[in-house]
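In the numbering used here, the protein residues as written are 66 to 372.
For each residue, glycine too, the CB sits at the ideal point set by N, CA and C.
Remarks on the structure that follows.
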């Protein structure tokens, strides 16, 4: 069984959307990625940091899903990373109200010994130097390294970001970030420019409009499932990344054709994540629902045409 190493934040979020608001709830990129990947038959571990204000019950939620948490450092007397955001009516734009780095400010990741030979590495959204530090600790070269990043690092740590981009196989970013990183408006041209930076595969997420996968001259498009209700898009991108990397890990196949399936699995799980606040929907999701919605994705995209 292949191993999946997940690096990212385990955090508190407070979210307000047009449909309601929450107090501090479980959040963080690695949390969403780990929960999403747990729907596949994989061995996974999270590398992150929390303060001793982080409830044991949240750590238990992860171990209950067979996620190794030995790489999550608990800092005595420290406070856990906290983010608060306000979403606008269209849910595509948001304002960050509060960002408290807390223990994340001095985070030095430590990869568990048993995962220094992980076949798949999923680098969740963090400072590029932290992401690089994880790759430096690997004792064998992973079959696939997936990087998620955002415009914040393009604004304040571009040289470090470009250095880590050179070392990865897949980068996942949204359309706005792809345009900023490449300087190209056309997403086809943007993907070509990003290819030149290092990654063999470029995944460009378009929110409610699906996702694009680029590999050289090859392009694959996966739609997003039209949903009646969207409550909270906070964890959608990370849930997508977890489904993508979890499926790749389980299938032990890093080909372009298999990545098409991984994109669908990621999109499928992300469609559940947005239905409730935080991780709530993913935590009460069962595999029968996942399979049922995969069939909806299949019917949405299959057609016969005479040429």
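Nearest-angstrom Cα separation, counted from residue j out to residue i
i	j	result
residue 178	residue 202	9 Å
residue 165	residue 90	15 Å
residue 154	residue 78	19 Å
residue 350	residue 101	10 Å
residue 227	residue 265	14 Å
residue 195	residue 369	47 Å
residue 217	residue 372	46 Å
residue 341	residue 281	37 Å
residue 180	residue 319	19 Å
residue 336	residue 176	31 Å
residue 223	residue 331	27 Å
residue 381	residue 323	Only positions 66 to 372 of the chain appear in the structure, and residue 381 is not among them; the question remains open.
residue 311	residue 249	31 Å
residue 326	residue 147	34 Å
residue 70	residue 238	19 Å
residue 256	residue 289	20 Å
First and last residue of the uninterrupted beta strand (DSSP E) at residue i
i	result
residue 75	Taken as a continuous stretch (DSSP letters only), residue 75 belongs to no beta strand (DSSP E), as it is neither H nor E.
residue 140	132 to 140
residue 92	90 to 92
residue 151	147 to 152
Own chain partners of residue i with C-beta closer than 6 Å, once the 5 adjacent residues on each side are dropped
i	result
residue 271	240
residue 108	66 and 68
residue 84	296
residue 233	210, 212 and 264
residue 49	An answer regarding residue 49 cannot be provided, because it is not within the stretch 66 to 372 covered by the chain.
Residue i - containing alpha helix (DSSP H), residue span
i	result
residue 165	Element bounds for residue 165: not the alpha helix (DSSP H) but the beta strand (DSSP E), 159 to 165.
residue 110	Element bounds for residue 110: not the alpha helix (DSSP H) but the beta strand (DSSP E), 108 to 116.
residue 236	Premise fails: residue 236 lies in the beta strand (DSSP E), 235 to 239, not in any alpha helix (DSSP H).
residue 123	121 to 128
residue 180	Neither: residue 180 is in no alpha helix (DSSP H) and is coded neither H nor E.
residue 338	321 to 338
residue 362	352 to 366
residue 371	Unbroken run through residue 371: none, as it is neither H nor E.
residue 232	Unbroken run through residue 232: none, as it is neither H nor E.
residue 347	345 to 348
Cut-off 8 Å between Cβ atoms - residues of its own chain near residue i, not counting five sequence neighbours on either side
i	result
residue 328	268, 276, 278, 285, 287 and 309
residue 283	321
residue 348	100 and 126
residue 116	139, 140, 142, 143, 144, 145, 167 and 168
residue 315	67, 105, 106 and 107
residue 72	95, 111, 112, 113, 174, 186, 187, 188, 189, 191, 195, 196 and 199
residue 134	110, 111, 124, 127 and 128
Own chain residues within Cβ distance below 7 Å of residue i, not counting five before or after
i	result
residue 151	81, 159, 160 and 162
residue 87	79, 80, 342 and 343
residue 294	340
Rounded Cβ spacing between residue i and residue j (contact assumed at less than 8 Å)
i	j	result
residue 96	residue 119	11 Å between Cβ atoms; not a contact.
residue 207	residue 170	28 Å between Cβ atoms; not a contact.
residue 252	residue 236	That belief does not hold up - the Cβ atoms of residue 252 and residue 236 are roughly 13 Å apart, past 8 Å.
Contact with chain B by residue i, beta-carbon distance below 8 Å
i	result
residue 278	Included in the structure is just one protein chain, with no chain B present.
Could you tell me which uninterrupted alpha helix (DSSP H) segments, each at least 4 residues in length, are contained entirely in the region 184 to 227, listed from first to last along the chain?
193 to 202 and 216 to 221
Self-check item: Every unbroken alpha helix (DSSP H) within the region 241 to 313, with a cutoff of 4 residues, ordered by chain
Solution: Residue ranges of uninterrupted alpha helix (DSSP H) with 4 or more members, entirely inside the region 241 to 313 and ordered along the chain, are 252 to 261.
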